[in-house]
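Engineer: Numbering (the working numbering), first residue to last: 204 to 939. What follows is a single structure, and I will ask about it in a moment.
Structural data, given as structure tokens:
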């Protein structure tokens with residue numbers, strides 16, 4: 204056995220470093236004394252490249268020959284960019300999700316820090332007044348006015364320009380020695396003194412809300428709560444009042460939301476209640492904005508942090524409470540690269556920091572309901588809407604044997620007309636953008652298929668283009684059929700564009716707004732549309748999931764779901780759960796204020812057990828029944844899964860990798876672990892790549908982790924592994 208090597212004393216030491224490379228290991232480097240602290244960044248040689256690495260520890264010995272160990276090129280930080288708590292969380296995540304540790308650690312750093320940029324705020328420019336003879340300004344009116352402004356305190360160029368001060372005026376003051384432009388680092392905001400609460404508009408709590416707030420405010424140490432409240436029941440108000448003692452104690456609060464679109468209205472409400480520094484973290488921010496927000500969290504300048512999935516991995520100075528709104532939402536699961544689940548990691552972080560965590564939802568995930576039943580979470584219930592708001596009436600419309608106009612049955616049109624005539628708003632939900640999901644030739648039956656996917660192009664009539672919503676490939680709509688030459692090309696199926704066009708004919712006296720990804724691409728357009736809806740500018744709203752989540756429209760009294768029958772027969776065992784959650788979330792947009800609401804689901808299967816259960820018994824009863832079915836079938840959350848995914852330009856290459864992997868792995872597995880597959884994805888070819896998968900399922904996490912490690916060891920020895928792209932997803936939320 205090779206003897207561990209030790210560097211000569213007094214000259215240099217060893218650094219154990221992780222690098223952002225797809226290798227499941229750490230690396231040793233030599234570094235002159237004194238050694239940078241764990242959590243600092245260093246620049247190191249790696250092959251013929253220079254990479255930024257993160258120091259994990261200072262090992263005394265190494266198994267590598269000292270002659271082969273390279274020295275670091277540069278030490279970037281004097282203070283750690285990731286503290287001990289964050290490194291502990293990330294080390295656990297790398298081990299649990301069996302992902303290369305370097306990629307896990309670097310996921311927690313903003314892009315600029317990954318590139319080796321300075322871990323500090325960007326200097327800001329400001330004009331300062333200087334002491335001098337201002338009598339020279341007696342005839343220079345604009346210069347005198349600018350000088351008087353600056354005597355009140357330094358001001359940035361942008362603020363001066365907004366007040367009408369030109370750069371020419373400022374430069375003239377500088378030449379006279381009366382002003383100068385300086386660059387200074389922003390000072391962290393100290394909000395930890397007396398925290399004031401804005402009581403204006405603070406509503407009176409219902410009995411259920413008051414009980415929930417009381418339990419949350421009294422919580423000490425690690426305390427996981429599931430706040431299960433129907434839509435419109437005031438979960439956000441519970442969050443706000445639960446935060447008060449935490450902020451008054453000088454601790455920070457992290458509020459996680461599933462989508463960027465929900466943050467503007469959430470931020471506004473939190474800022475109204477708490478006149479404290481509120482910052483956001485999400486993917487729509489540019490690199491500099493994200494780094495500045497990251498630094499504000501780390502140094503404690505930010506009191507409240509509202510962010511999407513990746514905000515969980517951000518360092519905090521004094522984190523005191525974590526809130527996860529819409530905890531059931533699938534977007535909390537990362538679907539590529541480091542495939543972590545932010546909800547699950549948030550629970551671990553709360554446990555490590557010994558702080559409370561609140562999971563809120565009108566439709567809790569089956570995992571959270573299961574943990575509540577097992578006593579792991581404390582359940583808080585909000586079963587009523589505050590004030591005079593009532594729970595909406597649910598109605599199933601049988602669309603069989605009736606003539607549909609752009610997906611709208613005569614009965615639905617009558618219901619819409621009745622609500623519109625009373626001055627109310629109507630929302631139509633269709634989770635399919637474009638004009639028609641399929642373009643075909645009426646004469647020969649030719650279909651416009653995507654060249655890169657096993658899917659049809661969607662026809663977008665605006666722009667007259669074909670768009671594959673799976674690989675994003677676009678092309679112009681052909682003028683005639685490429686197969687028979689006919690010009691009779693027609694769209695089949697239903698899309699939001701088609702419904703919007705039909706509504707203009709059916710209800711010409713009312714204004715319609717369509718909200719989907721196609722018409723909200725321009726920055727700020729989504730917020731403008733929402734403001735127009737709330738102001739009553741539009742009476743009919745048609746949209747996709749973007750419109751269904753978290754928005755409060757007090758004048759919407761009728762919500763109708765169109766063409767969701769396909770989800771009733773999807774192959775994924777989670778499909779029923781997702782449809783139920785979507786149904787309840789969409790239904791929650793109706794009757795949120797004093798006006799009574801009605802929810803309509805138009806279906807060709809009105810007798811389907813799932814729909815009947817949801818409409819008549821509600822989500823809780825449905826979930827209880829579905830969980831019992833999962834238990835009998837041995838499916839999550841009563842078992843645990845890991846999914847090997849593989850893709851290549853040729854399907855045979857995938858099989859050459861996964862088949863030997865399964866053949867070598869299966870005999871070594873205990874009886875408690877199942878190996879299913881390999882099998883092709885439901886859409887076998889996507890974006891020019893053939894896709895296959897293999898599923899592992901076990902009753903215990905330990906057995907599953909052991910099987911995954913054995914599979915990874917086998918995969919590394921297979922020659923075919925180099926000809927494919929493959930990945931491992933622990934706790935997958937969806938199959939391909």
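No residue lacks a Cβ here, since even glycine has one placed at the ideal position from N, Cα and C. For clarity, every value in this text was computed on a predicted model and none was experimentally measured.
1) Out of 288, 705, 483, 799, which one is the CA nearest neighbour of residue 756?
2) Run the CB neighbour count on residue 344, radius 10 Å, all protein chains shown included, and call it buried at 16 or more, exposed below.
3) Looking only at its own chain, which residues have a Cβ that is under 7 angstroms from the Cβ of residue 736, when we skip the five neighbours before and after it?
4) Measuring CA to CA, which of 477, 875, 893, 249 is closest to residue 508?
5) Need the endpoints of the alpha helix (DSSP H) that residue 427 sits in, please.
6) Any contact between the region 635-655 and the region 690-697? By contact I mean 3 or more CB pairs, one from each, below 8 angstroms.
7) Check the C-beta distance from residue 244 over to residue 280 and give it rounded, since I have them as a contact under 8 angstroms.
8) Since residue 230 sits in a beta bridge, which residues does DSSP pair it with?
9) Which residues does DSSP pair with residue 663 in a beta bridge?
10) Could you check whether the region 543-559 touches the region 517-528, counting it as contact only if at least three pairs of C-beta atoms, one from each stretch, sit closer than 8 angstroms?
11) Are there 16 or more other CB atoms within 10 angstroms of the CB of residue 933, so buried, or fewer, so exposed?
12) Tell me the start and end of each unbroken alpha helix (DSSP H) in the region 609-686 that is at least 4 residues and wholly inside, in chain order.
13) Quick one: grab the DSSP three-state call for residue 451.
14) Short of 8 angstroms in beta carbon distance, which residues of its chain neighbour residue 703, apart from the five on each side in sequence? Order them along the chain.
15) Does the region 801-814 come into contact with the region 611-625, if we say contact requires no fewer than three beta-carbon pairs (one atom in each stretch) closer than 8 angstroms?
16) Measuring CA to CA, which of 471, 458, 485 is closest to residue 529?
17) Do the CB positions of residue 622 and residue 761 come within less than 8 angstroms of each other?
18) Let me know the secondary structure DSSP gives residue 799 once reduced to three states.
19) Quick one: Cα of residue 759 to Cα of residue 619, how far?
20) Name the residue from 908, 768, 724 whose alpha carbon lies nearest to the alpha carbon of residue 749.
21) Starting from residue 569, trace the alpha helix (DSSP H) both ways and give me its first and last residue.
22) Taking contact to mean 3 or more Cβ pairs, one atom from each stretch, closer than 8 angstroms, check whether the region 824-844 and the region 860-869 are in contact.
23) How far does the beta strand (DSSP E) with residue 895 in it extend, from its first residue to its last?
24) Just confirm the distance between the C-beta atoms of residue 431 and residue 583, as a whole number of angstroms; I'd bet it's less than 8 angstroms.
25) Looking only at its own chain, which residues have a Cβ that is under 6 angstroms from the Cβ of residue 929, when we skip the five neighbours before and after it?
26) Give the single residue among 908, 472, 261, 609 whose Cα lies nearest to the Cα of residue 401.
27) Candidates 642, 378, 766: which alpha carbon is nearest residue 699's?
28) Considering only their Cβ atoms, is the gap separating residue 656 from residue 674 smaller than 8 angstroms?
29) Is it true that the region 781-795 meets the region 811-830, where meeting means three or more beta-carbon pairs spaced less than 8 angstroms apart?
30) By Cβ distance below 6 angstroms, which residues in the same chain neighbour residue 204 in space, the five residues on each side in sequence not counted?
31) Less than 8 angstroms between the beta carbons of residue 793 and residue 595, yes or no?
32) Helix, strand or coil for residue 470? Go by DSSP, reduced to three states.
33) Taking the continuous alpha helix (DSSP H) assigned at residue 784, which residues delimit it?
34) What ranges does the alpha helix (DSSP H) occupy inside the region 294-345, keeping only unbroken runs of at least 4 residues that lie completely in it?
35) Taking the alpha carbon of residue 754 as the point to measure from, which residue in 774, 729, 775 has its own alpha carbon closest?
36) Pick out whichever of 475, 910, 277 has its Cα sitting closest to the Cα of residue 404.
Structural biologist: In short, the structure shows the following:
1) 799
2) exposed
3) 716, 744, 756
4) 477
5) It is not in any alpha helix (DSSP H) - residue 427 instead sits in the beta strand (DSSP E) that spans 426-432.
6) yes
7) 5 angstroms
8) 220
9) 668
10) yes
11) buried
12) 613-624
13) helix
14) 715, 717, 745
15) yes
16) 458
17) yes
18) coil
19) 11 angstroms
20) 724
21) 569-576
22) no
23) 892-901
24) 7 angstroms
25) 849
26) 472
27) 766
28) yes
29) yes
30) Because the pLDDT of residue 204 is 46, which lies under 50, any placement of that residue in the model is unreliable, and the number read from its coordinates should be weighed accordingly. Closer than 6 angstroms at the Cβ level, and outside the excluded window around residue 204, lies no residue.
31) yes
32) helix
33) 778-790
34) 304-310, 314-317
35) 729
36) 475
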